[in-house]
Amino acid sequence: MKVTQGAFSFLPELTDDEITLQVQYSIDQGFALAVEFTDDPHPRNCLWEMWDLPMFDIKDASAVVFEMNKCREAYPNHYIKIVAYDPHPNRQTTGLDFIVHRPAEEPGFRLDRQEANDRHINYTLHSYAVEKPHGERYSNGSK
Amino acid sequence: MAESGNGNLHGKQALEGEKRWGAGVIPYAKMGYWEPDYVPKDTDVLSAHRITPQAGVDPIEAAAAVAGESSTATWTVVWTDRLTNYKQYQAKAYRVDPVPGSDNQYIAYIAHDIDLFEEGSVPNLTASIIGNVFGFKALKALRLEDMRIPTAYLKTFPGPPHGIVMEREYLNKFGRPFLGATVKPKLGLSAKNYGRVVYEALKGGLDFTKDDENINSQPFMRWRDRFLFSIEGVNRANEMTGEVKGHYMNVTAATMEEIYERAEFAKSIGSPIIMIDLVIGYTAMTSISKWARANGMLLHLHRAGHGTYTRQKTHGVSFRVISKWVRMMGVDHVHAGTVVGKLEGDPNMIAGYYDTLRLNDTPIDPVKGLYFEQHWNSMPGVMPVASGGIHAGQMHQLLHYLGEDCVLQFGGGTIGHPMGIAAGAEANRVALEGMVKARNEGRDYLAEGDQILKDLAKKNQALQVALDIWGDISFNYESTDTPDVLPTATA
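Sequence lines, in order, name chains A and B. When we follow the working numbering, the leftmost residue of the first sequence carries the number -8, and every step to the right adds one. When we follow the working numbering, the leftmost residue of the second sequence carries the number 38, and every step to the right adds one.
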C-alpha cells in the first residue's frame, strides 16, 4: 500500500528540483521550514520526529533540501516529510506538508474490529510498522 | 434623482412634544426613525437593506419604516413609548443611497442599538432584522444586503465548534483544499450499497463523503443503518490510505431530541463529522453547534432552502448575511457556491461569501457586495464548501476562485466515472494535487490550467478518462444576484 498523507501523495514522487520549488514557495509565504521523519505513519500520529529545529528566516530553499537529504541518508527506511509552519495571525499552524521519502516497502495497516452490542463495532487501526520496537521496524533494520 | 444621503430632508425632521405624541398615525421618519446626522456607535449593529418602495412612497420614509418596524414601532403612536428611553431603542435609518442604474431601488443604512439584541442569539437577531418588516405593505420588495456585527456583540457568540485551523490539524491535512462527494443517487440506496459508495470514494482519494440534504431516515434506508455501514466504509478507507477521512452523517430530523439521538450515535461509532440542514432553523443549529464543540465533532451545514430567499436581488436576505450568522452561531463547514458549477453564483458575490466565512477582517467592497467593514476578532473561520456540477476539468478555475481553504465536492464528478467510483475520486485528487503543485511552482495555473491537466492525465488514466467525458462541460448562465457596481479598467 501507499500512505497518501501530505499534499502531493497522488503525484509521482517529487524530484529534488520540484521539492526545491515547493520549499521556495513556502519561504515566499513567510513559512518556517522543517524536516520530520517517522517509522510509524499511523494517521493519528501527528507528532513525527523533528530533524533538528525548524529553519526560520532562511532565504535559500537549497538549505532545506540539503537537510532533507541528510535526513534521508540517516533514515533511508523511514517516512520523511517537509513541513512548512505558517506563523501568521489566525493561522499559526502547518501551511503545507508533503512526503518526500518513504521506506522501500510500506507495510500499511490492519483494521481491527471489536464487535459490541447493538451492531456497534469498535474500530482500531493497527500500524504493522510498530509491531517491532523502535530501531527494528523496517526491513534492513536501519535506525 | 430621488432624495438620497443627506439630501432634501425638508419636512422629515423628527417631531417633538405634542406633535410627536398625539394619538394617531404619523410618518415613521417624523417619529425619529430617520436621523441623517446620526453617527453610528462602535457598538451598534448596522444593517444595509435594498428597498423598493411602492409607487409614491418616499424612499426616506420607506427606510424609516424599515428601521421602525425592525425595532420599536407599531403602526400608530403609543404613549407607552414614553415610559421608556425610547430614543435608544428606536433603530435609526441614517443614510439612503439610490442604486446605480435603477429607478426605484435604494440602499438604506440602519443603526440598531446593541441593547435591542439578546447575547449569543441569532434567532433573536433575525427576529428583529428580518421579522415582520419583510411583509410591510409600503414596500414592494425588501432585501437584507449586509450587516455589521460590532465586536461587543460578536464576542457573545461562540463561533465555529472547531474552525478551519483546528479541522486541518484534526484531519492532518494542509496546503490544499479538501475533496468530497455527495453519495449518489441521493435517494433509494440501501444501507450496504450506500456504504459501498462511501468506501470506494474515500479509498480512491477523497477526504470526505456526504449524505445529501434530504437523506434523513426514509423507508428504504433508516439513519442508524446508514451510519453503521458508512462508518465501516470510512474505517476501511483509512486502513487502505493511512489518512483520516470522514462521512458527513446527516442528523437532520423532525425534533431536536431526534437530532441529539442521531448525533450521539454518530459519536458512539467514531464518526469525526456530522451534518445538519439549514432548514432545521437557527435555534436547532445553535444547539447542535454547542453539542458539536462539547463532543469534538466537526459540524457541516448544508444550506438547503436558502435559494428561496437569497437568490433574487430585490427581495430576501443575501447569502453574505447568512454567512455571517452561521459563522457567529458556529458551524465548521457551509455550502457557499462554486462559481463554475450548476448552481447560481456570480464570482464576485461568491468571493464576498468566502471572505466573510474565512477572513479575520473584511473591508467595504461594493464589487463583492460587502457594505460594511467587519472585524471578526480572531473568531475562527468556516470552511466553505463548493458543491454542485463541478468536475476535475475545472480544477484550475476552482483553485483560482475559491482558494485553498475550502471543500471541493464532486458528486456526479466522482461517482459517474466510467472506471468506477474510486477512479473518479483518484482523478479529482490527482487534478487537485497537480494544480496546487503548479500554483506553488509559480506557474500561471489559471491560464495554463487545461495544459497542466492534460500533462497530469498523461500519467494518470483515471484523470484522462474524466477529462475526456467532462472536460467540456460548463454551466454558463447569467447570474441573478450580481454586484451593483463593477470595476472599470483604468488605462
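From the three backbone atoms N, C-alpha and C, an ideal C-beta is built for every residue, glycine too.
Of all residues in the segment 258 to 280 of chain B, those with a C-beta nearer than 9 angstroms to a C-beta of chain A are Arg261, Asp262, Leu265, Ile268, Glu269, Val271, Asn272, Arg273, Asn275, Glu276, Met277, Thr278, Gly279 and Glu280, reading in chain order. Among the residues of the segment 280 to 305 of chain B, those with a Cβ less than 8 angstroms away from any Cβ of chain A are Glu280, Val281 and Ser305, in the order of the chain. Taking 7 angstroms as the upper bound on Cβ-Cβ separation, chain A lies near residues Val202, Arg205, Glu206, Asn209, Phe211, Gly212 and Arg213 of the segment 189 to 223 of chain B. Using a CB distance cut-off of 8 angstroms, Gln13 of chain A counts as an interface residue toward chain B. Closest by C-alpha distance to Asn385 of chain B, out of B:Glu237, B:His437 and B:Pro197, is B:His437. Between Gly471 of chain B and chain A, the shortest Cβ-Cβ separation is below 8 angstroms.
Using a Cβ-Cβ cut-off of 8 angstroms, Gly242 of chain B is close to Thr(-5) and Phe1 of chain A, given in chain order. For Ile63 of chain B, the secondary structure class from DSSP, reduced to helix, strand or coil, is coil.
Chain A places no beta carbon closer than 8 angstroms to that of Val419 of chain B, leaving this residue out of the contacts. DSSP, read as helix, strand or coil, puts Glu298 of chain B in helix. Per the C-alpha coordinates, the member of B:Asn477, B:Arg205 and B:Gly241 positioned closest to Arg35 of chain A is B:Arg205. With a threshold of 8 angstroms between beta carbons, Phe28 of chain A makes no contact with chain B.
Secondary structure remark: continuous beta strand (DSSP E) runs of at least 3 residues inside the segment 131 to 191 of chain B, in chain order: 143 to 149 and 176 to 185. Shown here, Lys72 of chain A sits in a strand according to DSSP, grouped into three states. In terms of Cβ geometry, Arg87 of chain B and Val159 of chain B do not form a close pair [threshold 8 angstroms]. Looking at the backbone, the Cα of Leu216 of chain B and that of Met432 of chain B are separated by about 11 angstroms. At a beta-carbon threshold of 8 angstroms, the residues of chain A lying near Glu463 of chain B are Phe1, ordered along the chain. With the criterion set as a beta carbon lying under 8 angstroms from some beta carbon of chain B, the members of the segment 18 to 42 of chain A are Pro32, His33, Pro34, Arg35 and Cys37, in sequence order. For Gln83 of chain A, no alpha helix (DSSP H) run applies, since DSSP gives it neither H nor E. Apart from sequence neighbours up to five positions away, the residues of its chain that approach Ala75 of chain A with a beta-carbon distance below 6 angstroms are Ser17, Phe22, Leu24, Gly86 and Leu87, ordered along the chain. By the neighbour-count criterion, in which a residue is buried when 16 or more other Cβ atoms sit within 10 angstroms of its Cβ, Met322 of chain B is buried.
Tyr70 of chain B is positioned such that its CB atom lies closer than 8 angstroms to that of Gly105 of chain B. Identification of chain B residues near Phe100 of chain A by a Cβ-Cβ cut-off of 7 angstroms yields Glu276 and Gly279, ordered along the chain. Identification of residues in the segment 376 to 407 of chain B having a C-beta nearer than 8 angstroms to some C-beta of chain A yields Asn397, given in sequence order.
Counting only Cβ-Cβ distances below 7 angstroms, Arg466 of chain B has contacts in chain A at Phe1, in chain order.
Asp369 of chain B sits away from Val422 of chain B, with the two beta carbons spaced by 8 angstroms or more. In the three-state reduction of the DSSP assignment, Gln91 of chain B falls in the coil class.
Its chain contains Asn113 as the residues whose beta carbon lies nearer than 6 angstroms to that of Gln105 of chain A, once the 5 sequence neighbours on both sides are disregarded; these appear in chain order. Judged by DSSP in its simplified three-state form, His352 of chain B adopts coil rather than helix or strand.
About 7 angstroms separates the CB atoms of Lys49 of chain B and Lys67 of chain B; that is less than 8 angstroms, so the two are in contact. Partner residues in the beta bridge of Ile311 of chain B, as assigned by DSSP, are B:Met286 and B:Leu336. Between the beta-carbon of Gly333 of chain B and that of Ile310 of chain B there is about 10 angstroms, and that puts the pair past the 8 angstroms contact cut. For Glu64 of chain A, the enclosing alpha helix (DSSP H) stretches over residues Ala52 to Ala65. Burial is judged here by how many other beta carbons sit within 10 angstroms of a residue's own beta carbon; Glu55 of chain B has fewer than 16 and is exposed. In the DSSP assignment, Lys123 of chain A falls outside any alpha helix (DSSP H), carrying neither H nor E. Residue-level contact check: Thr6 of chain A does not touch chain B, since none of the beta carbons of chain B fall below 8 angstroms from its beta carbon.
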